[in-house]
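Everything below concerns the one structure shown next.
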Amino acid sequence: MPTYKAPLRDVRFVLNELFDVAELASLPGHEEHTPDLIEAVLEEGARICENELFPLNQPGDEEGCRFENGVVYTPKGFKEAYRTFREGGWTGLSADPAYGGQGLPNTVQFVMEEFTSSANLSFGMYPGLSHGAYNALYRWGTQELRDLYLPRLVDGTWSGTMCLTEAHCGTDLGLIRTRAVPAEDGSYRITGTKIFISAGEHDLTENIVHLVLARLPDAPAGTKGISLFVVPKFLPGPDGALGPRNGAFCGSIEHKMGIKASSTCVMNFEDATGWLVGEPHKGMRAMFTMMNAARLGVAMQGLGLGEVSYQNAVAYARDRLQGRSLSGAKAPDRPADPIIVHPDVRKNLLTMKACNEGARALAAWIGLSIDRAEKHPDPAIRQEAEDLVALMTPILKAYFTDHGFAAANLGVQVHGGHGYIREYGMEQFVRDARIAQIYEGANGIQALDLVGRKLPQDMGRLLRRFFHPVSAYIEERMEQDAMAEFGLPLMRAFGKLQQATALIAQKGLKDPDEAAAASTDYLRFFALVALGYMWARMAETAQARLAAGTGEAGFYETKVKTARFYFAKLLPETEALFRTIVAGAKPLMALEADAF
Amino acid sequence: MEIKSAAVIGSGVMGSGIAAHIANAGIPVLLLDIVPDTAKAAGGDRSGLARGAVDRMLKADPAPFMHKRNARLVTPGNLEDDIARLGEVDWIVEAVVEDQAVKAALYRRVDAVRKPGSAVSSNTSTIPLANLVAGQSEAFARDFMITHFFNPPRYMRLLELVAGERTRPDALAAIERFADMRLGKGVVRCKDRPGFIANRIGTFWIQSAVNGAMDLGLSVEEADAVVGRPMGIPKTGVFGLIDLVGLDLMPHVARSLLATLPPDDAYRGLYRDPELFRRMIAEGYTGRKGKGGFYRLNTEGGAKVKEAIDLSTGRYRRSDKPKLASVDAAKAGLRVLVEHEDKGGRYARRVLFQTLAYAASLVPEIADDPASVDRAMRLGYNWKYGPFELIDQLGTEWFAEALEAEGHAVPALLRKAAGRPFYRVEDGRLQCLEAGGAYADLARPEGVLLLSDVKRRSKPVAKNGSAALWDIGDGVLCLEFTSKMNALDTDILGLCQQALGLVGDGSGEWRALVIHNEADNFTVGANLGLALFAVNVALWPQIDQMVQMGQETYAALKYAPFPVVAAPSGMALGGGCEMLLHCAHVQAHAETYVGLVEVGVGLIPGWGGCKEMLLRHTADGKRPGGPMPPIAAAFETISTAKVAKSAAEAKDLKYLRESDGITMNRDRLLADAKARALALAEGYRPPEPAELRLPGPTAKVALDLAVEGFRATGKATSHDVVVAGALAEVLSGADTDVTRSLTEDDMLALERERFMRLIRHPATIARIEHMLATGKPLRN
């Protein structure tokens, strides 16, 4: 049986020591959200994840969702856990207090998403999608729609979905066929079939609010002709009381590799009543409001699975006695040494640990930036923060989820044959982690977003929000001998990243295939440097604490040692990536399609 | 016959503008007009009309004078007291009201006093020459011609020259030579036909474009978007152009054409006088000089709102950025535009078909060859391509078939082309199909050397993505910029260095280097977009290297053992200006606009511009003693980003030296530069390296005080103070004092260091971003 403890100490380190979460309390609307309060909230969140959600993870995977006569039943215990979750106010954690939300910073929501993903990814899908629907309606809905739907999405009595994909179109939403016809009363009649709809039908809430992309009769072709509609399962009265059943039906659920307790539905809209959200034909823009937040949410799923895999791998490696250390017995009084003595096992564990902690730090930087972008009184700072978030969103989504899957695999590896059987729960993490690399824009698409959209935007303005602080940091640290250990390799990798960036911009201008060919390598390169920046700063913070002698020496020494591992063993991957980037598109494009 | 003095009669917009431009050529000119009634009665200034015109021109923008002192060459006078003085001049230009009787009477008075053999010309745009000389003396008729200038005379390059049957060929040649070499005009000889070439076709095109827009239901913005850029026509299109020249002018032009055109001319069938236009004229909505035109800037309520007239209702509405698929598609070629199915495509097809067929039908009626027609439209209407070049883009065969398919007559000349293009390149020579159906070389006058001709007949000596080197003969190498907008980049610097290497010590195959190109602008400076990307990615060492590379390249230009001659035209800004500062000689087109504009983007000149300006001011013997005056002068020029509005003004600002040459005619610029380079190559010796003694901090304090003053009065912004501070440090030599001498390298190191400091400043980055986004400087 796997175990899980939310990494509260590390979160505290990142929020309070590496960064200064207290800055949030200076933002309008967050005056009360002091570090103490945030810590208390996260402790409570950790408790519910550890005690309520995690125990349901393995049985939920075993049982899966059940589809009978158009009704979807979630696994045993989910309903009760959801009630507890909802009553604890977790469905409205960062939602606007005007609609009953807690109004907490996104930074907190972000951390909580990591915890829930570690504890029970399938469960997290339900409130996660509600949060996306909340965002879209909050930003684009009419006052009437907001007043009707938001309080119920916030208190979790209703849940939400995002209905984008159709059988013939996933990435290319311009091909959507679902139709919306205006009705006389100002509503619309929606007809069409959507697939892969997470939380499309389930038994956790009394109503389900679908946000559906569809075409109006006069819509232009392509993505510029798509509109967004809100389509509830039950048509609510003005007071929110549930009325007649709407024509939104679940046709079947998918049988999947992982997240089996999350219902993935075929949704049939049969002349269903819906209301326009945002302007006609501007649905993609409205959708991206959900999508950007959702992509960061998925990034946290990757981190969550990396964390829980790591915890269980470490426990097993300490526990599992097998053979002897090559350099002499480390536990001579026992029949064999624990496998944690072996360099390769350590490499697996440290890889997981260093990426988890680096990613957590990076997520905190971006989380704080989201709050700044939303609430900071200075428009220039809001713009800077927004730019940084926009730039880093594809990087977090793709890199964190790649890491989540890789870490889950390493977790299996450390367990050996026991990782491959169900009992230890490790193989479930692999299966669950796999989807995060695919949905909300496959990781290849994220890389294209990075090189095709984010990189060239306004002659690289978005890049400045990352490159300038890192460049300034390196310049300052290079003058201090103590930091040269981390500053030097960071400087080298950063310099290569600068070169690669200029190269892609230059080559991509002439031939978009060149930029595309470099995109996934470049995204990973970027992520490794970003983590390197985080690790240099974390090591510096830890060294300062050690020098000040504030206690917890073990924790800080581990930080410094993990940083050393990162710089020595993981960051050098950038050198290979640089070479593959420089190699260009030609090796990829040389083969005729029928020569494959 | 040489023109050493001139007179212009009529001090209206055209007359006074012609007088100013003759003065720009350094020729004294008498400007005469009638004595105003008010002056007759009250004993006021009897030459008030001409004098007032000169005064107005001194304030006008764009300026008719290339330099304010040129106004002194214009002597205002009146037709009563000063008519006898016409006997002193070699050339008399008449630019009075378009009234045959008025002109005839004037000519008789002129003929009575003028010097025998002096040339007389009329600037008429509508009255046939034959009518003008009717009843005049034989001598007058022999000395008379039409010189039709375009407005404004300084800037529009076309001069239509029309000779009568009796006009003396030598008089004609003298005026042609003068107009070409001294006034810098592109002279096109025209036949004595109504509207000559440019207005004949231009007026037809305007009417066709107006009719088409109304018939096919295009908004004025849509129409201008189609009959503008996609056709190589200025972006004002048709309605924007009418606003510029004045809607009220249109009926006059139309009336005179209708009165004189042949009875079967196609313009007659096209002509319309829309009710809306009559109303607009009556109410004063005649364009930019009136209350507004087809476009206006509505400033009611404080905000500036661009509005356009709705052609169907006649009311102003908010102006929209037009969106037409055909306009986007037109990037793929003119054929794609006219074959596009949207209304923009249908409109383009109609206007182009009508206009091009009309133009083709007029050769040899109005001009001997298609090339003259094309040249007139390029120089007179600023079209990028003339009608026959446009037909070549469509394909003569395709166009003839398309005309036929739509039931239009196919012009004889187009039939004669029989599928062959109007232009072809034969053995590296550009040839044009003449009216007779045979190709002939395009003749270039003596003393005209065009880089485009060189390029047509040879391969580059070397080239890269942003520049090329050409052999322009006699051992002279020409460096041409080919980058987008001619922006300077490391490729250009690299090829510059390669050129220096090729010429070596100047004793081998190559003797001199000329830097020249035929784009609208010589260069507007370093590639700012590239720089911004490098800044955004924090590529500081690379930026520093590029600054250093520029410094080294320019220093190498300066100290090359052979002469480097720059031949700029149009804008030479920033790094382009710095390049000129380092050349042994600059042969500038008169219309060269030079400036060190770096402060506009929060920077200072970093490629030796600060140093060179300081050296030039220091070397100025006329200046009062002490180290401070040259520093202050260079500081003022650079810190205010002064841009010279002509080559003559550039000399005042010391962007050009007194010894630098000015060429009035662009087509002659390269030949002049090459001749100058060859002359300098004889016994050439590079300059001696300079040393500077600068006061250091004391000078900086003085300059800072001045800047603080501007800051206090709101003339300088907070970042202006930062940028000016860096400039002051460079020009004062930073932490030096007068006992120490600084080398040029010391100064370059200082420039570079301060440049690098500024380019990292967030306010500088904001300025660069703003400039790239809006084309205007940010005042932060």
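Chains as they are written, first to last, in my numbering: chain A, 5 to 600; chain B, 2 to 781.
Glycine included, each C-beta is placed from N, C-alpha and C at the ideal position.
Source: prediction; values computed, not measured.
(request) Quick one: grab the DSSP three-state call for His214 of chain A. (result) Position 210 of the first sequence holds residue 214 of chain A. Strand at His214 of chain A.
(message) Determine, for Ala123 of chain A, whether the minimum Cβ-Cβ distance to residues of chain B falls below 8 angstroms.
(response) In the first sequence, counting from the first residue as 1, residue 123 of chain A sits at position 119. It does not; no Cβ of chain B falls within 8 angstroms.
(request) Could you pull out every unbroken beta strand (DSSP E) segment of at least 3 residues lying fully inside the segment 30-113 of chain B, listed in chain order? (result) 30-34, 75-79 and 92-95
(message) Please list the terminal residues of the continuous beta strand (DSSP E) segment that includes Val279 of chain A.
(response) Start at 1 with the first residue of the first sequence, and residue 279 of chain A comes out as number 275. According to the sequence displayed, residue 279 of chain A carries Trp and not Val. Per DSSP, Trp279 of chain A belongs to the beta strand (DSSP E) from Thr268 to Val281.
(request) Would you list, in sequence order, the uninterrupted alpha helix (DSSP H) runs of no fewer than 4 residues that lie entirely inside the segment 25-73 of chain A? (result) 39-52 and 61-67
(request) Could you name the residues of the same chain whose beta carbon sits closer than 6 angstroms to that of Leu59 of chain B, not counting the 5 residues immediately before and after it, in chain order? (result) Indexing the second sequence from 1 puts residue 59 of chain B at position 58. Excluding positions up to five away in sequence, the list reads Ala72.
(request) Kindly indicate if chain B contains any beta-carbon less than 8 angstroms away from that of His285 of chain A. (result) Translated into positions along the first sequence, residue 285 of chain A becomes position 281. Not closer than 8 angstroms to any Cβ of chain B, the Cβ of His285 of chain A fails to qualify, so no.
(request) Return the residue from the list B:Gly49, B:Gly303, B:Pro63 and B:Glu99 that minimises the CA-CA distance to Asp83 of chain B. (result) For the purposes of this step, residue 83 of chain B is taken as the residue at position 82 of the second sequence. Looking at the Cα atoms, B:Gly49 is the closest of the given residues.
(message) Does the contact criterion of 3 or more C-beta pairs under 8 angstroms hold for the segment 267-279 of chain A versus the segment 451-461 of chain A?
(response) no
(request) Tell whether a beta-carbon distance below 8 angstroms holds between Pro569 of chain B and Ala589 of chain B. (result) Counted from its first residue, the second sequence places residue 569 of chain B at position 568. Counted from its first residue, the second sequence places residue 589 of chain B at position 588. Cβ distance < 8 angstroms, so Pro569 of chain B and Ala589 of chain B count as in contact.
(request) Quick one: list the residues of chain B neighbouring Leu454 of chain A, beta-carbon separation under 8 angstroms, in chain order. (result) Taking the first residue of the first sequence as position 1, residue 454 of chain A is located at position 450. By Cβ distance, chain B contributes nothing, its closest Cβ being about 14 angstroms from Leu454 of chain A, past 8 angstroms.
(message) I need the straight-line Cα distance from Asn132 of chain B to Arg115 of chain B, nearest angstrom please.
(response) Translated into positions along the second sequence, residue 132 of chain B becomes position 131. Translated into positions along the second sequence, residue 115 of chain B becomes position 114. Their Cα atoms are separated by approximately 21 angstroms.
(message) Measuring straight from C-alpha to C-alpha, what distance separates Val600 of chain B and Cys578 of chain B?
(response) Stepping through the second sequence from its first residue, residue 600 of chain B is reached at position 599. Stepping through the second sequence from its first residue, residue 578 of chain B is reached at position 577. Approximately 14 angstroms between the Cα atoms of the pair.
(message) Taking the beta carbon of His37 of chain A as the centre, do at least 16 other beta carbons fall within 10 Å, making it buried, or is it exposed?
(response) What you label residue 37 of chain A is simply residue 33 of the first sequence in a count that begins at 1. So His37 of chain A ends up on the buried side.
(message) Is Gly464 of chain A close to chain B? Criterion is C-beta to C-beta, closer than 8 angstroms.
(response) As a working mapping, residue 464 of chain A is identified with position 460 in the first sequence. Gly464 of chain A counts as touching chain B.
(message) Rounding to the nearest angstrom, what Cα-Cα distance links Val783 of chain B and Leu242 of chain B in this structure?
(response) Outside the displayed range of chain B (2 to 781) lies residue 783 of chain B, so it cannot be described from this structure.
(request) Compare the C-beta of Leu540 of chain B against all C-beta atoms of chain A and say whether one is closer than 8 angstroms. (result) As a position in the second sequence, residue 540 of chain B is number 539, starting the count at 1. At least one chain A Cβ lies under 8 angstroms of Leu540 of chain B.
(message) Do Val90 of chain B and Leu160 of chain B have their beta-carbon atoms positioned less than 8 angstroms apart in this structure?
(response) The residue labelled residue 160 of chain B in the question sits at position 159 within the second sequence. The residue labelled residue 90 of chain B in the question sits at position 89 within the second sequence. No.
(message) Does any residue of chain B have a CB that is nearer than 8 angstroms to the CB of Leu467 of chain A?
(response) For the purposes of this step, residue 467 of chain A is taken as residue 463 along the first sequence, with counting starting at 1. Yes, its Cβ sits closer than 8 angstroms to a Cβ of chain B.
(request) With DSSP as the reference, label Asp736 of chain B as helix, strand or coil. (result) Translated into the one-based positions of the second sequence, residue 736 of chain B becomes position 735. Here Asp736 of chain B sits in coil by DSSP.
(request) Go ahead and label Arg364 of chain A buried or exposed: buried means 16 or more other beta carbons lie within 10 angstroms of its beta carbon, across all protein chains shown. (result) The sequence position of residue 364 of chain A within the first sequence is 360, counting from 1. By the 10 Å Cβ count, Arg364 of chain A comes out buried.
(request) Would you check whether the ligand ATP has a heavy atom nearer than 7 angstroms to the C-beta of Ala106 of chain B? (result) With respect to the ligand ATP, the structure offers nothing, as it holds no ligand at all.
(request) Could you spell out the range, first to last residue, of the beta strand (DSSP E) harbouring Lys198 of chain A? (result) Position 194 of the first sequence, counting from 1, holds the residue named residue 198 of chain A. Counting along the chain, the beta strand (DSSP E) containing Lys198 of chain A begins and ends at Tyr192 to Ser202.
(request) Starting from the beta carbon of Ala603 of chain A, find every residue of chain B whose beta carbon is closer than 9 angstroms, and list them in chain order. (result) Examination of residue 603 of chain A is not possible in this model, given that chain A is present from 5 through 600 alone.
(request) Assign Gly684 of chain B to one of three DSSP states: helix, strand, or coil. (result) Your numbering for residue 684 of chain B matches position 683 in the second sequence. Coil, per DSSP.
(message) Below 7 angstroms on C-beta distance, what does Thr505 of chain A contact in chain B?
(response) Start at 1 with the first residue of the first sequence, and residue 505 of chain A comes out as number 501. Per Cβ cutoff of 7 angstroms: Val538.
(request) Identify each residue in the segment 484-515 of chain A for which the Cβ-Cβ distance to at least one residue of chain B is less than 7 angstroms, and report them in chain order. (result) Gln502, Thr505, Ala506 and Ala509
(request) Using a threshold of 8 angstroms, state whether the C-beta atoms of Ala368 of chain B and Cys191 of chain B are closer than that. (result) Counting from one through the second sequence, the residue named residue 368 of chain B turns up at place 367. Counting from one through the second sequence, the residue named residue 191 of chain B turns up at place 190. Taking 8 angstroms as the Cβ cut-off, Ala368 of chain B and Cys191 of chain B qualify as a contacting pair.
(message) Tell me the residue span of the alpha helix (DSSP H) that contains Met157 of chain B.
(response) The residue given as residue 157 of chain B occupies position 156 in the second sequence. Segment: none, Met157 of chain B is in no alpha helix (DSSP H) and carries neither H nor E.
(request) Starting from the Cα of Val228 of chain B, find the closest Cα among B:Leu670, B:His618, B:Trp206 and B:Ala620 and give me that residue. (result) Within the second sequence, numbered from 1, the residue matching residue 228 of chain B stands at position 227. Among B:Leu670, B:His618, B:Trp206 and B:Ala620, the Cα nearest to that of Val228 of chain B is on B:Trp206.
(request) Kindly say whether His422 of chain A, judged by its beta-carbon, lies nearer than 8 angstroms to any beta-carbon of chain B. (result) For the purposes of this step, residue 422 of chain A is identified with residue 418 of the first sequence, where counting begins at 1. No, His422 of chain A does not count as interfacial toward chain B.
(request) Using DSSP bridges, identify the partner residues of Leu217 of chain B. (result) To locate residue 217 of chain B, count along the second sequence from 1; it is residue 216. Paired residue(s): none; Leu217 of chain B is not in a bridge.
(request) Give the residues of chain A in contact with Glu770 of chain B, contact being defined as C-beta atoms less than 8 angstroms apart. (result) Along the second sequence, read from residue 1 onward, the residue named residue 770 of chain B stands at position 769. Here the neighbours are Asp462, Met463 and Arg465.
(message) Let's test the definition: count the other Cβ atoms within 10 Å of the Cβ of Ala290 of chain A and tell me whether it reaches 16, buried, or not, exposed.
(response) Here residue 290 of chain A corresponds to residue number 286 of the first sequence, with the count starting at 1. That one is buried.
(message) Is there a C-beta anywhere in chain A that falls below 8 angstroms from the one on Phe756 of chain B?
(response) Mapped onto the second sequence, residue 756 of chain B falls at position 755. Judged by the 8 angstroms Cβ criterion, Phe756 of chain B is not in contact with chain A.
(request) Go ahead and pull the three-state DSSP assignment for Leu575 of chain A. (result) Along the first sequence, read from residue 1 onward, the residue named residue 575 of chain A stands at position 571. Coil, per DSSP.
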